[in-house]
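**Student:** Under the working numbering, the letters of the sequence shown match residues 1228 to 1675, in that order.
Glycine is no exception: its CB is placed at the ideal position from the N, C-alpha and C atoms.
Take this structure first; my questions come after.
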Amino acid sequence: MNNRRQFLKRSMGVSVFVVMPLSSCSKSENTDFEIKVEYKTESWLDSKVDTFSYSMPEIELIQNKKTRIKVTNNLNEPTTIHWHGIRLENKMDGVSGLIQAPIEPGESFIYEFSAPDAGTFWFHSHHDSIKQVAMGLYGALIVKPEKSLNNSEQDLTLLIDDWLLNENGIDPNFTAMHSLSHGGIMGNVLTVNKQPGLQAFQIEDKQYLRLRLINVANSRIQSWSFSGLNPIVIAKDGQPLKDQYTLNKSLVLGPAERYDLLVKVKEIPEDGFKLNYDTANGALPIAEFILPKVKTDFKNEAYNIEKSVLVVPKKIDKTVVVELDGGAMGRMQTGILDGEKLSINQLVQKNMIWALNGQVALLATPMDKLELNAAVNITFKNNTSFAHNMHLHGHHFFIDGIWQDSVLIGRGESKSGVFYADNPGKWLLHCHMLGHAVTGMTTWFEIG
Ligand code: C2O
Ligand code: CU
């Protein structure tokens, strides 16, 4: 058996090694950053894997404070960065081909914006993202309130990914039509903060531990559970929950979704607790949290969560229905591409598989025009045989009683929500299973 195969096997197993938690090695209180987009060879156990990487895997911003981020492209191909979930100015949204020309090799671009919501966000390539995100172009974007709300809090960010590796490294066939017409590209190696195997995190002697968990997979819906304790769910997609709850089942989330969880350190059992990735064969521990040697008996200070500034509209000005069609075993027989009506076979010949409202328009034309500040009711109807994770740029919608920027819609399922179209510009709406996005499940709203 060669090394690669042994490695693939072992990385899904229980090899244990300790890493520095991501959030404590790359944090900066500065409001100005430089991100270099570069090649990086990861040493995963005894294998070398060539990836793309950001020189800063985590950025921390201060809420409402203008930040300038210089992005320098040291790859041999163009790229951009999208600041996922941030309600920023449209021209800083980073969508290649709609909002900005890509950053060419050797060039730089300065993104300048302020983040109106404190919480957990992320950033990733929005140019050829089916490939570039799979190659590793993602990082955590943490927005903190100006004054720290909780002095006795440890903050840990976990970016959870799956990589499709073959004997030579990352499988380069990002547009394998069979995968894209089904659930998308599914990996065979799991990583936490780009490290395979069970990761160990040392808990500090503080009253609270806040876990920020991000599904950065290309397509895979992840299901996570805990053993040892039940954390409290406090936020989703960078927006605090009005009703926090204790987690007593698995958290299921699509690519791009985030959850913030709170743990009271004094409730952690002696042997710590674990985060598991639920597989068909049971729960696979991917992170373990180890208690500090001293455990101060903090007096029970309340945990303060950031306030959301978002408002649920009471009366609706506009209703939008988004029908999701196509794919393998789909009901869609035809779709409109470039104004031409095509059968599903003809669509596939043009490398398109999915449609939104019967159209495969991608960036060419908006799905709809929305008046600035219109209160919009949006309904997603999933007519396909697969789940999709619909993401609206620059806004959060209120769906299932919570604010979200990405929402998982199961096969055959419908979901409705509301939002204010209060951010002028061209805002993408797409499935965050990136192979679905590039084969038809991409459109946008023109607002204002
Ligand atoms: Cu997270 Cu259009 O992206
Ligand atoms: Cu999809």
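Considering only the beta carbon of each residue, do Pro1676 and Leu1661 sit closer than 9 Å?
**Tutor:** The requested residue 1676 does not occur in the structure, where the chain is confined to residues 1228 to 1675.
**Student:** Can you tell me which of the three DSSP states His1620 falls into?
**Tutor:** Indexing the sequence shown from 1 puts residue 1620 at position 393. Three-state result, His1620: coil.
**Student:** Per DSSP, what kind of secondary structure is Lys1608 in: helix, strand or coil?
**Tutor:** In the sequence shown, the residue the question calls residue 1608 occupies position 381. In this structure, Lys1608 counts as strand in the three-state DSSP scheme.
**Student:** I need the boundaries of the beta strand (DSSP E) containing Gln1631, first residue and last residue.
**Tutor:** Taking the first residue of the sequence shown as 1, we reach residue 1631 at position 404. Segment Ile1629 to Gln1631, the beta strand (DSSP E) holding Gln1631.
**Student:** In this structure, how does DSSP classify Ser1535 when only helix, strand and coil are distinguished?
**Tutor:** The residue labelled residue 1535 in the question sits at position 308 within the sequence shown. Here Ser1535 sits in coil by DSSP.
**Student:** What is the rounded straight-line gap between the Cα of Leu1425 and the Cα of Glu1515?
**Tutor:** Within the sequence shown, numbered from 1, the residue matching residue 1425 stands at position 198. Within the sequence shown, numbered from 1, the residue matching residue 1515 stands at position 288. Whole-angstrom Cα-Cα distance: 7 Å.
**Student:** Rounding to the nearest angstrom, what Cα-Cα distance links Glu1673 and Pro1284 in this structure?
**Tutor:** By one-based count along the sequence shown, residue 1673 stands at place 446. By one-based count along the sequence shown, residue 1284 stands at place 57. Straight-line Cα distance between these residues: approximately 32 Å.
**Student:** Report the residue ranges of all beta strand (DSSP E) runs contained in full by the stretch 1406-1490; include only those spanning at least 3 residues, in chain order.
**Tutor:** Here the runs fully enclosed are 1416-1419, 1425-1429, 1435-1442, 1449-1454, 1459-1463, 1466-1473 and 1478-1480.
**Student:** Hey, which residues come within less than 7 Å of the ligand C2O, measuring from Cβ to any heavy atom, in chain order?
**Tutor:** Every residue passing the under-7 Å Cβ criterion appears here: His1309, His1311, Val1322, His1351, His1353, Ala1483, His1618, His1620, Leu1655, His1657 and His1659.
**Student:** Among Val1645, Ala1345 and Ile1459, which one has its Cα closest to the Cα of Ile1605?
**Tutor:** To locate residue 1605, count along the sequence shown from 1; it is residue 378. The option with the nearest alpha carbon to Ile1605 is Val1645.
**Student:** Output needed for Ser1318: all residues of its chain with C-beta closer than 8 Å, excluding positions within five of it in sequence on either side, in chain order.
**Tutor:** Counting from 1 along the sequence shown, the entry for residue 1318 is found at position 91. The sequence given here has Lys at residue 1318, not Ser. Ile1326, Gln1327 and Gly1652, listed in sequence order.
**Student:** Among Thr1268, Pro1540, Gly1566 and Gln1449, which has the Cα closest to the Cα of Tyr1486?
**Tutor:** As a first step, residue 1486 must be located in the sequence shown, where it is residue number 259. For Tyr1486, the nearest C-alpha among the options comes from Gln1449.
**Student:** Rounded C-beta distance between Val1549 and Phe1607? I'm assuming under 8 Å.
**Tutor:** Start at 1 with the first residue of the sequence shown, and residue 1549 comes out as number 322. Start at 1 with the first residue of the sequence shown, and residue 1607 comes out as number 380. That belief holds up - the Cβ atoms of Val1549 and Phe1607 are roughly 5 Å apart, short of 8 Å.
**Student:** Per DSSP, what are the beta-bridge partners of Leu1569 in this structure?
**Tutor:** Here residue 1569 refers to the residue found at position 342 of the sequence shown. Bridge partners of Leu1569: Gly1562.
**Student:** Which of helix, strand or coil does DSSP assign to Ser1356?
**Tutor:** To locate residue 1356, count along the sequence shown from 1; it is residue 129. If DSSP states are grouped into helix, strand and coil, Ser1356 belongs with the helices.
**Student:** Given 8 Å as the limit, tell me if Ala1529 has its C-beta closer than that to any heavy atom belonging to the ligand CU.
**Tutor:** To locate residue 1529, count along the sequence shown from 1; it is residue 302. Checking the Cβ of Ala1529 against the ligand CU gives no.
**Student:** Is Asn1616 close to the ligand CU? I mean its beta-carbon at under 8 Å from any heavy atom of the ligand.
**Tutor:** The residue labelled residue 1616 in the question sits at position 389 within the sequence shown. Checking every heavy atom of the ligand CU against the Cβ of Asn1616, one is found closer than 8 Å.
**Student:** Ordered along the chain, which non-local residues of its own chain (more than five positions away) have a Cβ less than 7 Å from that of His1615?
**Tutor:** Here residue 1615 corresponds to residue number 388 of the sequence shown, with the count starting at 1. Same-chain partners within the cutoff: Leu1551, Asn1609, Ile1636, Cys1658, Met1660, His1663 and Met1668.
**Student:** Once DSSP output is grouped into helix, strand and coil, what is the label at Gln1290?
**Tutor:** Along the sequence shown, one-based indexing puts residue 1290 at 63. The answer is coil: DSSP assigns Gln1290 none of H, G, I, E or B.
**Student:** For the ligand CU, is there a heavy atom less than 8 Å away from the beta-carbon of Gly1411?
**Tutor:** The residue given as residue 1411 occupies position 184 in the sequence shown. Under cutoff, so the answer is yes.
**Student:** I believe Phe1401 touches Ile1387 by the beta-carbon criterion, under 8 Å. Please report the beta-carbon distance rounded to the nearest angstrom.
**Tutor:** By 1-based counting over the sequence shown, the position of residue 1401 is 174. By 1-based counting over the sequence shown, the position of residue 1387 is 160. Phe1401 to Ile1387, Cβ: 20 Å. No contact.
**Student:** Assuming Thr1697 contacts Ala1588 (C-beta within less than 8 Å), just tell me the rounded distance between them.
**Tutor:** What is shown of the chain runs 1228 to 1675, which leaves residue 1697 out entirely.
**Student:** Spatial neighbours of Ile1580 within its chain, please: CB distance less than 7 Å, with the 5 preceding and 5 following residues excluded, ordered by chain position.
**Tutor:** Here residue 1580 is taken as the residue at index 353 of the sequence shown, counted from 1. Hits under 7 Å: Leu1407, Ser1408, Gly1553, Gly1554, Leu1574, Thr1666 and Gly1667.
**Student:** Where does Val1521 land, buried or exposed, given buried means 16+ other C-beta within 10 angstroms?
**Tutor:** The count along the sequence shown starts at 1 and reaches residue 1521 at position 294. With fewer than 16 other Cβ atoms within 10 Å, it is exposed.
**Student:** Thr1418: buried (16+ other C-beta within 10 angstroms of its C-beta) or exposed?
**Tutor:** Against the sequence shown, residue 1418 aligns to sequence position 191. By the 10 Å Cβ count, Thr1418 comes out buried.
**Student:** Can you tell which of Tyr1266, Glu1339 and Arg1295 has its C-alpha closest to the C-alpha of Asn1303?
**Tutor:** Here residue 1303 corresponds to residue number 76 of the sequence shown, with the count starting at 1. Ranking the options by Cα distance to Asn1303, first place goes to Tyr1266.
**Student:** If you draw a straight line from the alpha carbon of Lys1374 to that of Gln1290, how long is it in whole angstroms?
**Tutor:** Residue 1374 sits at position 147 when you count from the first residue of the sequence shown. Residue 1290 sits at position 63 when you count from the first residue of the sequence shown. Whole-angstrom Cα-Cα distance: 9 Å.
**Student:** Name the DSSP bridge partner or partners of Asn1503?
**Tutor:** Position 276 of the sequence shown, counting from 1, holds the residue named residue 1503. For Asn1503, which the question treats as bridged, DSSP gives the partners Ser1452 and Pro1512.
**Student:** Looking at Val1490 and Leu1438, is the spacing between their C-beta atoms short of 9 Å?
**Tutor:** Counting from one through the sequence shown, the residue named residue 1438 turns up at place 211. Counting from one through the sequence shown, the residue named residue 1490 turns up at place 263. Cβ distance < 9 Å, so Leu1438 and Val1490 count as in contact.
**Student:** Within this structure, are the beta carbons of Asp1344 and Val1536 separated by less than 9 Å?
**Tutor:** Residue 1344 sits at position 117 when you count from the first residue of the sequence shown. Residue 1536 sits at position 309 when you count from the first residue of the sequence shown. Going by C-beta atoms, Asp1344 is nearer than 9 Å to Val1536.
**Student:** Using DSSP bridges, identify the partner residues of Tyr1338.
**Tutor:** Taking the first residue of the sequence shown as position 1, residue 1338 is located at position 111. According to DSSP, Tyr1338 bridges with Ile1296.
**Student:** May I ask you to list the residues that DSSP assigns as paired with Leu1383?
**Tutor:** Locating residue 1383 in the sequence shown gives position 156, where the first residue counts as 1. Note: Leu1383 sits in a beta bridge opposite Leu1438.
**Student:** According to DSSP, which residues form a beta bridge with Ile1626?
**Tutor:** Position 399 of the sequence shown, counting from 1, holds the residue named residue 1626. DSSP output for Ile1626 lists Ile1629 and Gly1644 as bridge partner(s).
**Student:** Should His1663 be counted as a contact of the ligand CU given a C-beta to heavy atom distance under 8 Å?
**Tutor:** Taking the sequence shown and counting its residues from 1, one reaches residue 1663 at position 436. For the ligand CU, at least one heavy atom lies less than 8 Å from the Cβ of His1663.
**Student:** Closer than 6 Å by C-beta to Gly1675: which residues in its own chain qualify, once you throw out the five before and the five after it? Chain order, please.
**Tutor:** Here the question's residue 1675 lines up with position 448 in the sequence shown. The residues are Leu1599 and Pro1651.
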